[in-house]
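>
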Amino acid sequence: MPLPEPPLRTPLDARAAGPWFPPGTGPVPAPAALTLVCFPYAGGTPSLHQRWSGRLGDGVHVAPLLLPGRGLRLAEEPFTAMGPLADAVTDALADRPGGGAFAFFGHSMGALLAYEVACALRERGLPGPLGLLLSGSRAPHQYGDREDSTLPEEELLALLGGLGGLGAGRAGVRRAFWRRRLPALRADLRACDDYRWRPREPLHVPLTVLAGRDDPLARPAQTEAWRTYTTGGFVRREAPGGHFYLLDDPAQELLLRELRDWCARLTRAHARTGPDRTPPRDS
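And the structure:
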């Protein structure tokens, strides 16, 4: 059954720019550890990924991103364009203390944002992720054919419910919960609606793509199209469920096992090759 995301408490006097990583969840310097930076789906908060802490192996530190316009950053204006958002996240990653090896996980909008940040890090000549595990997203060049951000409120909530995004619990409670998130949700959707891919050299790290078997927004041909976005090895897998399969208990367990194995492979490869060499191809 779907697991609802509990709302994060927001101080009423919050006005200043808040942290990109919630307190206690940000990247930590640990030479033997892998930091898994988690990029949220449209309207999402770190709460889903915070529950993953401790379930991906002792050497994996889960670091969910907190975007403006939600949680502790509710008073901030959310970004409405992918480019400036990716630049701001890249700045935050570049300034993180201690450095260390890291990888990216992103679902739906989060997958697109993770890809853009990986490209931005490379363009700045900064260390990039050891790999990307992207979920519930078509390839970047296939974006730009939707106008979900302009839907009236009831139609937008109906779309979200049809995709499985309202989660479990009483329908009225869940709809009220999402109504509070509508400004951030619309901003995120607008960033996706207006996104236009800019051709760039493929990444050179392992890329794994997952999607729900019944996901209408990330069909097999659309997720297979990610293959050309890397030279470092490509894997495509399916999970039972639809677009929000990762909120469903059995499918979430499959995802966590996949993530645990994937992080372990990246960590072993990084230990063999060292920080200055390209990790071997995934399989």
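Using my numbering, the first residue of the sequence shown is number 1338, and each one after it goes up by one.
Glycine included, C-beta positions come from ideal geometry on N, C-alpha and C.
#1: Buried or exposed for residue 1383, please, with buried defined as at least 16 other CB atoms from any protein chain shown within 10 angstroms of its CB.
#2: Just the Cα atoms here: how many angstroms apart are residue 1375 and residue 1447?
#3: So what's residue 1602 in DSSP terms, helix, strand or just coil?
#4: Since residue 1377 and residue 1404 should fall inside the 8 Å C-beta cutoff, what is the C-beta to C-beta distance between them, to a whole number of angstroms?
#5: Within the chosen definition, does the region 1476 to 1494 reach the region 1514 to 1534 through at least 3 CB pairs nearer than 8 Å?
#6: For the region 1428 to 1494, list the beta strand (DSSP E) runs that are entirely contained and at least 3 residues long, ordered along the chain.
#7: If you compare alpha carbons, which of 1461, 1568, 1610 and 1544 is closest to residue 1474?
#8: Flag this pair as yes or no: are the beta carbons of residue 1634 and residue 1444 separated by less than 8 Å?
#9: Can residue 1560 and residue 1573 be called in contact, C-beta distance under 8 Å?
#10: Pull up the DSSP beta-bridge partners for residue 1575, would you.
#11: Alpha carbon to alpha carbon, what distance is there between residue 1497 and residue 1610?
#12: According to DSSP, residue 1372 sits in a beta bridge with which residue or residues?
This is what the structure holds:
#1: buried
#2: 8 Å
#3: helix
#4: 6 Å
#5: yes
#6: 1439 to 1444 and 1469 to 1472
#7: 1544
#8: An answer regarding residue 1634 cannot be provided, because it is not within the stretch 1338 to 1620 covered by the chain.
#9: yes
#10: 1548
#11: 43 Å
#12: 1398 and 1439
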